[in-house]
Each structure stands twice: as structure tokens, then as C-alpha cells.
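J.: Protein chains in written order, with my numbering: chain A, 1 to 321; chain B, 1001 to 1290; chain C, 2001 to 2498.
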Amino acid sequence: MKQNVSISAGLPGTKAPRGKADTLLRDIIRDKWLYLMLLPGIIYFIIFKYVPMYGVSMAFMDYKPYTGFLGSPWVGFKHFERFFSEPQFGMLFRNTVILAVYNLVFFFPMPIILSLMLNEVRRAKFKNFVQTLIYIPHFVSWVVVVGIFYILLTTENGILNELLYQITGRKIAFLLEAEWFRTMIITQSIWKEIGWGTVIFLAALAGVDLQQYEAARIDGASRWRQLWHITLPAIRSTIIILFILRLGNFLDSGFEHIFLMITPTNREVGEVFDTYVYTKGMTQGQYSYSSAVGLFKSAVGLVLVLGSNWLAKKFGEEGVY
Amino acid sequence: MLQDKTIGNRIFDITNYTLLILIGLICVLPFVYVLAVSFTSPAEVAKGGLILWPKEWSLASYRYIFSTDTLFRSMLVSIYITVVGTFINLLFTSLMAYPLAKATLRGRQFILLAVLFTMLFGGGMIPTYFVVKAMGLTNSLWSLMIPNAISAFNLIVLKNFFQQIPDGLEDSARIDGCTDVGVLFRIVLPLSMPAMATFGLFYAVGHWNQFFSAILYINDSRLYPIQVLLRQIVILAQGSIGDTSIDNVEIQPLTIRMAVIVFATVPILLVYPFLQKHFAKGVMLGSVKG
Amino acid sequence: MKMNVCRGIGILMLTAVLAGCGPVDGSKAKSSGPDRFYLSIGATLIGELPPNNNAVEKAIEAYTNTDLQIEWIPMSAYDDKQRLMIAAGELPKLVKLAYTPDYISTIKAGQFWELGPMLKDYAHLSVLDSQYYSNISVEGRIYGIPIVRDLGRATIQYRKDWFDRLGLKVPVTLEDWYTVVHAMTLEDPDGNGKQDTYGMVLDKRYNQDVSSMLTRISVSQGGPNKWLVEDNQFIPEFLTEPFFETMKLFRRLYTEKLINSDFIVVDNNEASKIYDSGRAGIQISGGNAQSWMDKLIKTVPEAEVDVVFLAGPDGNRLPGEPGNAGFFAVPKDSVKTLEEVKQILEFLDKLFDPPMQMVITRGIEDRHWSDSGDYAEILDRTLDLREVKPYRDLLPNLAEYQQSIKPVRQPELYQKNQEIGKMNKEYVVENPALTLESDTYREKGKELEIIIQDAETKFIMGMIDEEGWRAELSRWQEAGGSQMCREYELANRSRAAE
């Protein structure tokens, strides 16, 4: 794509177009091994990701499994119109976005902070031990996590609530009240995923040259200064990349988790796109409808990713592409 | 002045260590619960409450799950797809990530954008199934390894890691007559052990947790990986997904469900401690190169 | 480094060998006679996977002279897999379907064989109670063989020892229910000096589906089962007096803290745990009271459970249930000839033969059960759970209804519950909308249900008053509820005209 542009551009003052084509060819020949290495991956993405992409058309049809893609009628933007004109659309959009923002603000930085804390630990044994402990919850399914929160927080003999009652003389219905819903969701997410999230940052930190710390110490730099000038820059590009990629699924809320936590009393803040589509599909497989919702979510993700990547590049960062 | 700094340092260290121990304890709690319940007698569990240490020890749950070879067989299936699948993943991903890390490569941006695009848009379950079927992969374990050979996320992040390796080292290898392939395998990969360990872990856990594609692509239930059975025993029991016809099924007692969770989780939990030494290795190599 | 590579290769080889043990191509290793009828079945897996080539499956194959290939598909992904198989034209010859709008529209599109006219040729299939068939009919036609279950299961199960101690009587009116629950919550029925019991415990699915507690009590008090038809007007249950009174009962119980305050986050496991550990006294259940008793005496050895009909002022009344756990249908995609359809029906018919029913419900003699005169004795609970249960859940069985099946020796309570279950059929109140179609229901039936279920819960918890409840009702009507009523009326009228 880029080379096409450069061939046709041929602006005055630059080298002649022919010369550019020559360099292009020379570059390709120079990198022939690199292209060869790319080949299996490109073939993989074409076959398994781009060939099935025709499935996106489902959002514009009334798809039924027995009529298939060729036999189902085209309906244009019907499903999108229906989605946007749902009476609950406003509520769903608000809930989904608020939860997504909470996730970015409260959940996303947690693994980074924890990685930095771990990085300050000089005893390798202790560090490894803590790392091993904190990544365990990732393997516990949401059903079990929600079950444990129930045991801790329920108003009927919930352990923490009993404790609260002893201290303050009242109980809080953490699991029922709408105002606690988002706090609960984020807390559970942090509990389950914080340790897992540190893995990638610790890998990035593993590349930091220890001599830099040595040099900084000799110069009398405090630990905060070391953190600021050595550690953080080392993982900055990883943080940015992860942030941009996270924006790609900005509107994904984690269906199973939310679904388990929704109750009649917190539905007004808990219902999000993912759970709503599930409910829709319960009586009839709304293939096309859910596909349309998915497409909408992806489109939002695309805009956010492209926008944030552009911004990152503007500030001199590498970005995703 | 110097004195002051060490006191500050000590306070910092103590706070840091205490916090980390606390976080570690909180994180390990759910698993301790699962473990404890799995070793407790059902009657004790029926009384309810949070059990963190079995009051009445019982191996009944484990006796039950080991009384058949179904779980063992699916465990072997899981180990197989995890080991072979992760190997395929790392090979394909690093082969593709390395060229993309070269800023001078023509067409690089286009390919990256195309890869990123697949993270956001997908054809969905049915068209993907048709592709997997057309490739002749259905009803074989390859269907759980080939269709997810490269994760776009891991590819992009790995590319980012590769970019941070100084060019000097690679250039010297090239002068010694290595091709790009040689540079990748002899220089870049050994230098990227922390990254390889990380993505190996990501991929391995991904394979280990597969259950949905196994149900979709595989008809022969003897080839089901452990997660399918785990979910079958644990999730269904919760009755969280509405279905009237399961209203009254006999569900396994909590103790057995927890024992199955332990059985299905411990193998993958052991992977990380095993990989940790590679993280340390990366640090040492890193200091040499500087 | 070299060490690691060697180790890696070692692991690879080892696993390759291990994987080589299992069949990777999915071909069958079973020995089967060449003349056997090959039959593939798409089956839901509810619990654990049965072992390969187990005795039960072999016995079924031998008796019916078939070569069975059962695809056990876990419940959680069954519908998705089914859709894939429909889209890919890969359906087995016999599939288990559920009576949901999705499958009904697939049936209406002509994807499955109509079986109704053929049934008369089969000794067992033709004599099955017609209610079973009409509950799965599509536009009045029969496309499937039901996987038969009780048509009405609800019974009142209660702690007899508590009732005796407090001098309580089995509740009949709503006031009785209040009295009973009140007493068992506040008057220390277990005599431990602590106020740690509940009369009744609800779970978060308390008002959902066929086992809705509200529907069950409301029906017993003379209310309709989900829908009331008056002069061909369809009125939802929650607009009827008995239902509203039932809701008020629960509101009162909740406000006075006589039921668990956290019921909307309690899953049914947690709720049963409370019953099983002797902390709650009465429930309406579709299960057998004996299983409650069995668990209960492990913690409370002196406990005693009794079971009675669900009854109100007008005598025994309970909501009717679909009477099936899905049904088997024959796809036209995989079964091309009428000849083959008949072979499949013959297979299904044979399953109703007494020897087959015995295998499906009890397993193999001297492996799963043994003959001890008048009774069958179950030999090994674990083996039964593993090898027999999957087939018991999957295949049609009339269990205890057939006299020819040797009953398992069961305690009196079990038999009493069983007896009530059989007689319940006489007192069932049918859901008039069960087999009627409505486009609105198909499009947003679940959303509409949720509006009302949430409102019920909020009313019971005192978060909304009667006015608020009426506001929710009109929200329901505007969101499509009224439309749905009209569609049912229309469907009902055209059915009556047929």
C-alpha cells in the first residue's frame, strides 16, 4: 500500500519515480528471508481469519442455519436500526461504557503497579513465591469466584458482613444493591486477574539492564527516581501497546462474569450489551441480531484503536503498527 | 543524609513486602478454599461457611474421580494439545513477529494493520467451522491447534519485544554469514527467553482452557479435553444457564466438583514456577549485552 | 541449552505416543455385525461422560440390532453445536431437540420428518398418552418422540418432626402458609435455643420457568398456570387475584424477615444446602422427598420428612409441566428415505419394550442391579451414576409407570412421593399457551419475562409498592405484552377452528 503511494506520488524535488521502484525491488530482495518467514503467518491469517470474514454479512441478513448464507434474505440495516431504537439502548450503552471506563481506570493500572512493587523485591525466592501465588486466581472460574464472594458478602451469615455487623452494627447488601454493582465487578476482576496481568510486565522488566540501577545508585538517585527514569521507561511501550489493544474490545464486558452477578435489583446498572444479546437469543437464536451488535462493538473498537494509535505515534511512540 | 536514605529504604521495603504478602494471601484464598473443600467430607461441607482447612479429612472425592479413566484420558488429551499446540504457536508467532519488528521491511504497516483488524472483526462461528472442515481438521485434535496457531494479540506484543533488542547484535551475526532465519533462531530467540516464556505461558493456558471449540469441532467424545468435562461437572451444577429440563438432575456434591477443579487446574498451575527461571535468565543476558 | 532441547523432544515424543493411543480419526473400534442398522444420535450430555463401549450401550445395540454412534454433546454448547450441524448439513440421524421457538421454526421450515401419521404402526409409540405428543406438536402435527417425564411433579415436602413439635398442620390457604413459615422461623423448631432456622428458603430462580414457586402456590389457590383463558381472552397469571395474593404473602414474609433476605443471589445449591443441613422446614419441590431425607439425616439423624399433595382450598391443584425433557426428531438432511425413518421409529419403539426399559432405567442385571425377589437392588451407586444415568436421562423411559419393571426397594417416603407423582396427573392445571405460537414471544419473550420477574422480586422486597407494580405491568404491556396476548388469542382461535 505504502509503496504504491510512493510510486505514484513522484513529487518534484524527490528522486525520480523509477529510482524509487528500484529501491523497492532492492529492499524486497534484500529482505527475501524475512518475507519467507512471514509467509506461513500470512497464509494462516488469510485462511483462518480472512476467508471466514464473509460471515460478517450475517448482520445484514435474516440468517437461519438451514437456509445458510446463500439462501437467507438480505435485510440491509434492519438489525442495526432495531438495535439502536431499542428502548433500553441508552441504558445499555451507558452501563457498558461506564463499566469499560472503570475497567480502564481502576483495573488496567493494577497489574502495572503490582509489577513495579515486585520489581523492587531483591530476593528472587520471595519474588517467585509471591508471583506464583498471585497468578493462581486466573485459573479459578467465574462461577467459583462469584460463589466465594457470596460466602463472604451475603447478608445471611456472610463472613465479612458479620464482621461488619460486629464493628458498625449494620450490614451492607453488597451483592444486591445497584450502587455496589460496579465496585463488586471491578473488585472481582482485580482479584482474579491482577497477578496474571503482571506476567507480561515482568517479562518486559526482565530486559532491564541491572547496571543502570547500579549506576543510578552511585549517582545517588532515590528509588522513586530510579523507578521513574529506569523502570517505567522500560515498560512504557508495552503499557501503551496493551492499552491500545484493550481499547479494541472496549465494549466487551465479560459475559459470564456479569451474567452471574446480575440480580433483579441491580439490573438497571448491570445489564450490558453482552448480557442483553444473550437474553435476546434465549428464545430464538438471533444470529443476525447478535452479529449486528457484535459488528457495532467492533466498529467502536476499531475507531478507538486507530485513534489511540494515531495519538501514540504523534507523541513519538511506536504504537501497534 | 546517607542514614536518612537507608531508613526511607527500609520503610519502603517493609511496606512493600507486607503488601505483597497480603496480596499473595488474598489471591491464594479461593484456591485454598477449593482445595480444602475437595478434601473435606460432604457432611461437613453441607453445614456451609468458608472452609479453609478440612475439619474432617476425606479422600472420597478423589477416590470417586479416579475410579474411572475418563478424566485421565481427557487429561492426556489436554496435555497433548497444550504441549504440541504451544510449540506450534511459538514457532509460527516468532517467525511472523520477527520480520514485522524490522522497521525497514516494506509492507510491514499494511500487514500489521491487517493482523490488528482480525482482532476486531471475525467471521463468526459458522464460517470458521466451514474453513476448519474444509481443511479436513474436524474431529481431530489438530482442529484445536491449527485454527488458533497465531494469536494476533501475542503477535503484536511479541513484535514489540523484538523491537527492543539492539540491532548491533544482529548485525554482527549477519556479518558472520547468518541469514535472517539464522539470526532469529541463534540470536534473537535466546535473547528473548522472558518473552518466549511469557507467550508460551499465554498460549499454554489458552490451550488448556479450550472447551468450546472442542465441542464444536470434535464429535468423538473420547477426544474431549479436560475442560469440557470440568465445565460439565462444575458449571452445570450451578444451574446458572437457564434450562428447564435440567431442573431436577442429580448434581455432584460440591466436594467432587472441587476435586475435579483441583485435578484439572494443578497441572497448568505448575507451568509457571517452572518457567520462572527463564525470566531470571533474561535478566542476566540483558546485563551482558549492555 | 542442549539438555532443554532434548527434554523438549522427549516430551513431544511422549505425548505423541500417548495421543496415538486414542483414536484420532473418530472411526469406530466397536465390533458390529454387518447387518446391523447404523444409527447416529445427537445427545445432550447432562452429567459425566459414560465410558466407551459400556455394557448399557452394548445391551441396547444387541437388543435393537443397531450399531449406535452416540455423540455426547455437553449441554452448555448443545444449541450452538446443533446450529453448526444444521448449517453444515451434518446432523446425525436422530437428534434431541427442545421445544423452543428456534427449533419450532426449523421444524416449520420442513427440516424434519413428520412422524404423527406413522405412529399407529408401532405398538408402544401409539399408546403413549396423547398429552405427551400434543405438548410437542407444531401447528398440530407431531414431529418427534418425547423423552417422557412427569406431567406434574410439584409436591409439598416438609419437616414432619418440626411440624409435630410446633403442632402445625400442612398449609392449605395462604394464611396457613404464613402461619407455618412464621412458626418455623421464630419458634425454634429444632429446639437448639437459637433462632437459626427458616420456615422457607427461596433461591434466585424462585419465580422462573415451570418450577416457579409463585406459580405453584398461586395455582394451588385456584390461579391459572401461566395463562388464564376467559372468553378467549388471554390473561397472564400475574394479573390474576390468586397470584397477586401469593406475591403479597411473600412480601409479608420478606418484610417480617421470615425468609432469607439474600434470596436473589442464592443459587439453588446454596438453598438446598440450607434444607439439607436442617435449617429450613418446608418447600414445594419437583424432586423426591427421599433425597432430601437422605441428605438431612447425615446432619440431623432424628429428622423426619413427609410429602403431601400440593393443595389449596379447592383441593389438590398443581401446574402442569411439559412432560418431556425434549424430544427426538429425524432430520431430512441425514435420513433420506421413508424406509429409514421407519427403521428409526422401530428402534425407538423397541426402547419401550420392558427388557429395554429395564436396561435404560436400571442397567444390566448383576452389574448395576440384582434381583431380590419383588425388588431390584441397586448394586453400586457410582456405577449407576456413571453408566446408567446418561441413558436414563437421554432415552425415553416410563420408569416406574410400567408394571413390568421391577421396582427398586425404596423407603416408604420414596414410594409415597412416587405415588403422589403418578396421581398428580389428575390434578394438573394445563398451561393453555404451551403450544401456541406468538411472534412477539419468539422475538422478545425472555425480555418480557424478565420485566415481570424483576418486578415481582422488587415487589416482594418492598422496593416498589402496588402503584409501582402497576407501572411495571403497563411497561410490560407496552413492551409487547399486550401484543403477545392478542397473538395467543388469535392462535387459539385458529386452533379451535381446525
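Each residue gets a CB set at the ideal place from its N, CA and C atoms; glycine is no exception.
For Ser2334 (chain C), go through chain A and note every residue whose CB falls closer than 8 Å to its CB, in chain order.
T.: None at all; the shortest Cβ gap to chain A is about 13 Å.
J.: Sort C:Arg2216, C:Glu2256 and C:Leu2249 by Cα distance to Glu2237 (chain C) and report the nearest one.
T.: C:Arg2216
J.: Verify whether the separation of the beta carbon atoms of Phe273 (chain A) and Phe93 (chain A) is less than 9 Å.
T.: yes
J.: Excluding the 5 residues flanking His2182 (chain C) on each side, which residues of the same chain have their C-beta closer than 7 Å to its C-beta?
T.: Gly2199 and Leu2258
J.: Report yes or no: is there a C-beta of chain B within less than 9 Å of the C-beta of Ile218 (chain A)?
T.: Contacts with chain B at 9 Å (Cβ-Cβ) do not include Ile218 (chain A).
J.: Please state the DSSP three-state secondary structure of Phe2352 (chain C).
T.: coil
J.: Residues in the same chain with beta-carbon distance under 6 Å from Met2085 (chain C), minus the five sequence neighbours each way, listed in chain order, please.
T.: Leu2091
J.: Who are the near neighbours of Asn1248 (chain B) in its chain, counting only those whose CB is closer than 7 Å to its CB and skipping five residues on each side?
T.: Reliability of the predicted coordinates at Asn1248 (chain B) is poor, the pLDDT of 43 falling under 50, and no value is obtained from them.
J.: From which residue to which residue does the alpha helix (DSSP H) around Ser2291 (chain C) run?
T.: Ala2289 to Thr2299
J.: Using the Cα positions of Arg2159 (chain C) and Asp2196 (chain C), report the straight-line distance between them to the nearest angstrom.
T.: 15 Å
J.: Grouping DSSP H, G and I as helix and E and B as strand, with all else coil, what is Val1271 (chain B)?
T.: helix
J.: Can you list the residues of chain C that Met91 (chain A) reaches, using a CB-CB cut of under 9 Å?
T.: Those within 9 Å of Met91 (chain A) in chain C number zero; the least Cβ separation is about 13 Å.
J.: I need the straight-line Cα distance from Thr183 (chain A) to Asn103 (chain A), nearest angstrom please.
T.: About 10 Å.
J.: Note down, in chain order, every chain C residue with its Cβ under 8 Å from the Cβ of Arg94 (chain A).
T.: Close partners of Arg94 (chain A) in chain C (Cβ separation under 8 Å) are lacking, with about 18 Å as the shortest Cβ gap.
J.: Can you tell me where the beta strand (DSSP E) holding Ala2376 (chain C) begins and where it ends?
T.: Tyr2375 to Ile2378
J.: Spatial neighbours of Gly2010 (chain C) within its chain, please: CB distance less than 7 Å, with the 5 preceding and 5 following residues excluded, ordered by chain position.
T.: With a pLDDT of 46 at Gly2010 (chain C), under the threshold of 50, the modelled position of that residue is not reliable, and no figure is offered here.
J.: Which partner residues does Gln2131 (chain C) have in the DSSP bridge list?
T.: Per DSSP, none; premise fails for Gln2131 (chain C).
J.: Please state the DSSP three-state secondary structure of Pro2224 (chain C).
T.: coil
J.: Go to Phe1161 (chain B), then tell me how far its alpha helix (DSSP H) extends in each direction, as first and last residue.
T.: Bounds of the alpha helix (DSSP H) holding Phe1161 (chain B) are Ala1152 to Gln1163.
J.: Give me the chain B residues within the contact set of Asp27 (chain A), using Cβ-Cβ distance strictly less than 9 Å, ordered along the chain.
T.: Thr1104, Leu1105 and Arg1106
J.: Note down, in chain order, every chain B residue with its Cβ under 7 Å from the Cβ of Met117 (chain A).
T.: Per Cβ cutoff of 7 Å: Asn1016, Leu1019 and Leu1020.
J.: Taking only beta-carbon positions, decide if Thr168 (chain A) is within less than 9 Å of chain C.
T.: Not one chain C Cβ lies under 9 Å of Thr168 (chain A).
J.: Return the Cβ separation of Gln226 (chain A) and Ala216 (chain A) in integer angstroms, given the expectation that the two are a contact with Cβ distance under 8 Å.
T.: 5 Å
J.: Which one of B:Ala1259, B:Leu1155, B:Ile1226 and B:Thr1198 has the shortest CA to CA distance from Leu1275 (chain B)?
T.: B:Thr1198
J.: Using a Cβ-Cβ cut-off of 9 Å, state whether Ile1111 (chain B) counts as contacting chain C.
T.: So, not an interface residue.
J.: Quick one: complete alpha helix (DSSP H) runs, 4+ long, within the stretch 1154–1238 of chain B?
T.: 1167–1175, 1180–1183, 1193–1208, 1212–1217 and 1226–1238
J.: Identify the contact partners of Glu2447 (chain C) in chain A, using a Cβ-Cβ distance below 8 Å as the criterion.
T.: Thr279 and Lys280
J.: Taking Leu260 (chain A) as the reference, give the member of A:Gly147, A:Gly71, A:Val140 and A:Val130 with the closest Cα.
T.: A:Gly147
J.: Give the single residue among B:Ile1150, B:Phe1072 and B:Thr1006 whose Cα lies nearest to the Cα of Leu38 (chain A).
T.: B:Ile1150
J.: Does any residue of chain A have a CB that is nearer than 9 Å to the CB of Thr2457 (chain C)?
T.: Thr2457 (chain C) counts as touching chain A.
J.: Are the stretch 2358–2365 of chain C and the stretch 2136–2144 of chain C touching, with three or more C-beta to C-beta distances below 8 Å?
T.: no
J.: According to DSSP, is Ile1246 (chain B) helix, strand or coil?
T.: Low local confidence applies: a pLDDT of 36 at Ile1246 (chain B) is under 50, so the model's placement there is unreliable, and no value is given.
J.: Of the residues that make up the stretch 116–150 of chain A, which ones have a beta carbon closer than 7 Å to any beta carbon in chain C?
T.: Tyr150
J.: Across the stretch 2431–2445 of chain C and the stretch 2219–2236 of chain C, are there enough close Cβ pairs to call them in contact, namely three or more that are closer than 8 Å?
T.: yes
J.: Rank C:Thr2246, C:Phe2263 and C:Thr2155 by C-alpha distance to the C-alpha of Ile2282 (chain C) and give the top, closest one.
T.: C:Thr2155
J.: Using the Cα positions of Gln2290 (chain C) and Val105 (chain A), report the straight-line distance between them to the nearest angstrom.
T.: 53 Å
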